[in-house]
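Taken in sequence, the protein lines are chains A and B. Heads up, the final residue of the first sequence is numbered 446 in my numbering, and it's a clean run with no missing numbers. Heads up, the final residue of the second sequence is numbered 322 in my numbering, and it's a clean run with no missing numbers. Here is the structure we will look at.
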Amino acid sequence: MIETLIGKMIIFLEKVTKYDASSFPGKVILKISPNYLKKIKYPKLIIMVTGSSGKGSTAKLIKDVLSLNNYTVCNNENGSNLIYGITTTIIKNTKFNKVNKDALVLEVDERSLKYVTKYIKPNYLIINNITRDQPPRQGSFEEVFNEINKGLKTDTVIINGDDPLLRKYELINKKNKFITYSINKNKYSFNKIEDIKDTVYCPNCNNKLTYEYYHYGSIGKYTCDKCNFNNNKNDYEISKIDYNNKSITINNKYDIKTDNLSLFHLYNLLTTFTMCDLLKIDKNKIIDSIEKQSINDKIFEEFIVNNRKYTILNCKAENNVTYNLSLIYTNMDKEKKTIVLGLNEISRRYNHYDLSWLYDIYFELLNDNNVDKVIVAGPYRYDLAVRIKYTNIKEKNIIILDDLNNIKEVIEKETKGNVYGILNFDYVKPFINNIRKDDKNGD
Amino acid sequence: MEINIAYLYYDLLNLYGENGNILSLKKHIESQDIKVNIYYLSLNDKKDFSKYDLVYIGSGTDNNLLIALNDLKNYKDEIKKYIENNKFILSTGNSFELFGNYIFKDNKKINTLGVLDYYTSYKENRIVKDVLYNCKINKNKIIGFENHRGFITNNLDYFLSDKNIKEGIMYKGFIGTYVLGPILIRNPYFTEHYIKTIINTKYNKFKFKKFDFNLEKEAYKKATELFK
Numbered sequence: 004m005i006e007t008l009i010g011k012m013i014i015f016l017e018k019v020t021k022y023d024a025s026s027f028p029g030k031v032i033l034k035i036s037p038n039y040l041k042k043i044k045y046p047k048l049i050i051m052v053t054g055s056s057g058k059g060s061t062a063k064l065i066k067d068v069l070s071l072n073n074y075t076v077c078n079n080e081n082g083s084n085l086i087y088g089i090t091t092t093i094i095k096n097t098k099f100n101k102v103n104k105d106a107l108v109l110e111v112d113e114r115s116l117k118y119v120t121k122y123i124k125p126n127y128l129i130i131n132n133i134t135r136d137q138p139p140r141q142g143s144f145e146e147v148f149n150e151i152n153k154g155l156k157t158d159t160v161i162i163n164g165d166d167p168l169l170r171k172y173e174l175i176n177k178k179n180k181f182i183t184y185s186i187n188k189n190k191y192s193f194n195k196i197e198d199i200k201d202t203v204y205c206p207n208c209n210n211k212l213t214y215e216y217y218h219y220g221s222i223g224k225y226t227c228d229k230c231n232f233n234n235n236k237n238d239y240e241i242s243k244i245d246y247n248n249k250s251i252t253i254n255n256k257y258d259i260k261t262d263n264l265s266l267f268h269l270y271n272l273l274t275t276f277t278m279c280d281l282l283k284i285d286k287n288k289i290i291d292s293i294e295k296q297s298i299n300d301k302i303f304e305e306f307i308v309n310n311r312k313y314t315i316l317n318c319k320a321e322n323n324v325t326y327n328l329s330l331i332y333t334n335m336d337k338e339k340k341t342i343v344l345g346l347n348e349i350s351r352r353y354n355h356y357d358l359s360w361l362y363d364i365y366f367e368l369l370n371d372n373n374v375d376k377v378i379v380a381g382p383y384r385y386d387l388a389v390r391i392k393y394t395n396i397k398e399k400n401i402i403i404l405d406d407l408n409n410i411k412e413v414i415e416k417e418t419k420g421n422v423y424g425i426l427n428f429d430y431v432k433p434f435i436n437n438i439r440k441d442d443k444n445g446d
Numbered sequence: 095m096e097i098n099i100a101y102l103y104y105d106l107l108n109l110y111g112e113n114g115n116i117l118s119l120k121k122h123i124e125s126q127d128i129k130v131n132i133y134y135l136s137l138n139d140k141k142d143f144s145k146y147d148l149v150y151i152g153s154g155t156d157n158n159l160l161i162a163l164n165d166l167k168n169y170k171d172e173i174k175k176y177i178e179n180n181k182f183i184l185s186t187g188n189s190f191e192l193f194g195n196y197i198f199k200d201n202k203k204i205n206t207l208g209v210l211d212y213y214t215s216y217k218e219n220r221i222v223k224d225v226l227y228n229c230k231i232n233k234n235k236i237i238g239f240e241n242h243r244g245f246i247t248n249n250l251d252y253f254l255s256d257k258n259i260k261e262g263i264m265y266k267g268f269i270g271t272y273v274l275g276p277i278l279i280r281n282p283y284f285t286e287h288y289i290k291t292i293i294n295t296k297y298n299k300f301k302f303k304k305f306d307f308n309l310e311k312e313a314y315k316k317a318t319e320l321f322k
């Protein structure tokens, strides 16, 4: 097909000129041929992952497990998850009108899903979470919910059953098959947690939901006492988390080892296990593959420099859940600790100065005796310092830095304990580089 | 001495970090050695408007706004009386649409409380912008963020302004504004003035101690510089 050839030519030219715009070839092709995506023959297996956060890492983990089990996979690993970027991915993988792979695994932007599924119908659609995220673009989580619902064209929908908002899809889409996964109560579950909750009332009848326990936000074990909407039955469950031996057990039977026991990561693992088991891949092979790939997980890093243990937690500005999960994880450590907070840019997409999301983050968790100092750094240091002030942490325990240049010296001279970098993704690398600048083992 | 604050629909209308406003009120009123009682009130909770010195209500999703409206309608007369008695209401984001006569949205008319004379019409696209507006009741500008589809038509006094723009509603002690989120945290000069007004209304000739807004003023300065 001529469109594919033109597309490939543009991609080639981009390579030669080192012009890196993953969406451009797709954009051009959809301009000349709006139905391009309809003309392509796709693999029999199509999996899409959408949601507010973690869709990229989940899609990648699924792709990795499939690859280790002899599937050839087409995947938009570079994170270009809007319709144009996805079209570019398709062009790259298409030969004679056909995507020559066993499976197509796509991370799809939550607002773009309806455009993508108009042309490419997935067999499996995974919706991993809907949270407060990018308010200038998304408006509210309710708008995101509605946008995803418009694109819900699939045979099977896989959702996090612990989220009452996602369960609402099951209520309003009777024709689809729903598979749910869940994490059972564990020693870090909360009977009560005062973080912000997106869904407090029953999506079915507006009665207040009753919770047996919370993992975070509205995520947990809930029942509606009026209409019996509940989270009692799930297809896949992490039945046990072993914090000492660093492993989880799925459906009381299948153990997976993982160093990263943050809830965020565990949900990603569970989603991947669920997806691959539905494809009837041998369970032991799934476990082996997940364990292999899990080691490479870059979201979470731990290292020791000058006898101080550093844990890096990668967060997304404007997304309270990524921060809250990092704070909950930090809170599990009962030793003395120092916290570093920082971001360079609120968003790469737009230039707004909206910081309301800082008050949807449950920084109050830091106000305990184990926290020695909180360091705030970067262009938004005063906004961060103010936020910390309102947790009632004393101002003398807040250190305000213009940037990360002297962060290592400040940490070593003025603070105590384990160091937790709860950082926006654009501050992760600069932070690690500054800490490890004299460290020969560093990157 | 005590100040009683009702935080209405705290679990439904809290879309943009609006809890921050409650944190601010509590901290700074308490710094004057005045006790602060916060009443967290939502659906089906009994609301006694004779008790409150200030009512705060924040923004929500379209659906949650209507759920809250259904509950709030039971208190129409009490709220009208509360406003006419010069008591304070601060309503940020889309929540202040509830106090007007109706919302016109997607070709449907939704009757709202009708305690103040204005109406809201929704446009197709959301308006999203950072703002630095003149404030009717304080010489320092208000910094903030707007993100809404509704537009107000009214003959009442406005709260904020800029060249050709008149934003929000002011009527007696009622302030409604599309500037959303933790507006009281981001605007320390306004907040000090606002808190003093609330306290003075209840306790005439109150002797104020120095307020501590040092960090907030640094953040305000940084943020307003971006507009230059």
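Every residue gets a Cβ at the ideal spot worked out from N, C-alpha and C, and that includes glycine.
Looking only at Ile-14/A, Val-389/A, Ile-410/A and Asn-38/A, the smallest Cα-Cα distance to Tyr-314/B is reached by Val-389/A. Within 7 Å of the CB of Asn-209/A, the CB atoms of chain B belong to Ile-161, in sequence order along the chain. Here Val-308/A is actually not in contact with Ile-342/A; their C-beta atoms are around 17 Å apart, not less than 8 Å.
Within the region 381-394 of chain A, those residues whose Cβ lies closer than 7 Å to any Cβ of chain B are, in chain order, Tyr-385, Asp-386, Ala-388, Val-389, Lys-392 and Tyr-393. Interface with chain A (8 Å Cβ-Cβ cutoff): Lys-316/B is included. DSSP places Ser-250/A in the strand class (E or B) of the three-state scheme.
Take the alpha-carbon of Leu-266/A and the one of Glu-110/A: they are about 20 Å apart. In summary, the residues of the region 138-171 of chain B whose CB is separated from some CB of chain A by less than 7 Å are Thr-155, Asp-156, Asn-157 and Ile-161, in the order they occur in the chain. A Cβ-Cβ distance of about 4 Å is found for the pair Glu-310/B and Pro-282/B, placing them in contact under the 8 Å criterion. Below the 7 Å Cβ cutoff, chain B contributes Thr-155, Asp-156 and Asn-157 as neighbours of Glu-145/A, in chain order. Closest in alpha carbon position to Thr-275/A, among Gln-296/A, Asp-262/A and Asn-255/A, is Gln-296/A. When Cβ pairs closer than 8 Å are counted between the two stretches, the region 312-331 of chain A is seen to touch the region 353-369 of chain A, the count reaching three or more. Around the beta carbon of Gly-381/A, a 10 Å sphere encloses 16 or more other beta carbons of the protein chains shown; the residue is thus reported as buried. Unbroken alpha helix (DSSP H) runs of no fewer than 4 residues, entirely contained in the region 133-174 of chain B, are found at 156-166, following chain order. Separation of Tyr-127/A and Lys-180/A (C-alpha to C-alpha, rounded to the nearest whole angstrom) is 10 Å. Residue environment: Glu-218/B is assigned as exposed (fewer than 16 neighbouring CB atoms within 10 Å of its CB, all protein chains considered). Residue contact with chain A for Ile-279/B: present (Cβ-Cβ distance below 8 Å to some residue of chain A). In summary, Ser-83/A is buried, with 16 or more beta-carbon neighbours lying within 10 Å of its beta-carbon over all protein chains present.
Our two residues, Ile-331/A and Thr-394/A, have alpha carbons roughly 15 Å apart in a direct line.
Taking 8 Å as the cut-off, the Cβ atoms of Thr-159/A and Leu-116/A do not count as close. Using a CB distance below 7 Å, the part of the region 211-230 of chain B facing chain A consists of Arg-220, Val-222 and Asp-224, ordered along the chain. In this structure Tyr-172/A is not in contact with Asn-194/A, their Cβ atoms being roughly 28 Å apart against a cut-off of 8 Å.
For Tyr-356/A, the closest Cβ of chain B is nearer than 8 Å. Boundaries of the alpha helix (DSSP H) around Met-335/A: 323-335. In terms of CA proximity to Tyr-239/A, Ile-186/A leads the group Arg-351/A, Lys-283/A and Ile-186/A. The C-alpha of Ile-175/A is placed about 10 Å away from the C-alpha of Pro-206/A.
Secondary structure note for Asn-271/A: its alpha helix (DSSP H) is the uninterrupted segment 266-281.
Sorting Ser-144/B, Asn-179/B, Met-95/B and Gly-154/B by C-alpha distance to the C-alpha of Lys-266/B places Asn-179/B at the top. Among the residues facing chain A, Asn-131/B is not included, as its CB has no counterpart in that chain under 8 Å away.
The distance from the Cβ of Lys-235/B to that of Asn-241/B is about 19 Å, inconsistent with a contact at the 8 Å cut-off.
Within chain B, Tyr-110 and Asn-241 have C-beta atoms less than 7 Å from the C-beta of Pro-138/A, given in sequence order. Straight across, the Cα-Cα distance linking Asn-96/A with Pro-125/A is about 17 Å. Proximity of Lys-121/B to chain A, defined by a Cβ-Cβ separation below 8 Å, is satisfied. Counting along the chain, the unbroken beta strand (DSSP E) around Tyr-127/A starts and ends at 127-130.
Against Glu-312/B, the close residues of chain A are Tyr-385, in the order they occur along the chain (beta-carbon pairs closer than 7 Å). The contact set of Asn-113/B on chain A, defined by CB atoms closer than 9 Å, consists of Ile-199, Tyr-362 and Asp-363 in chain order.
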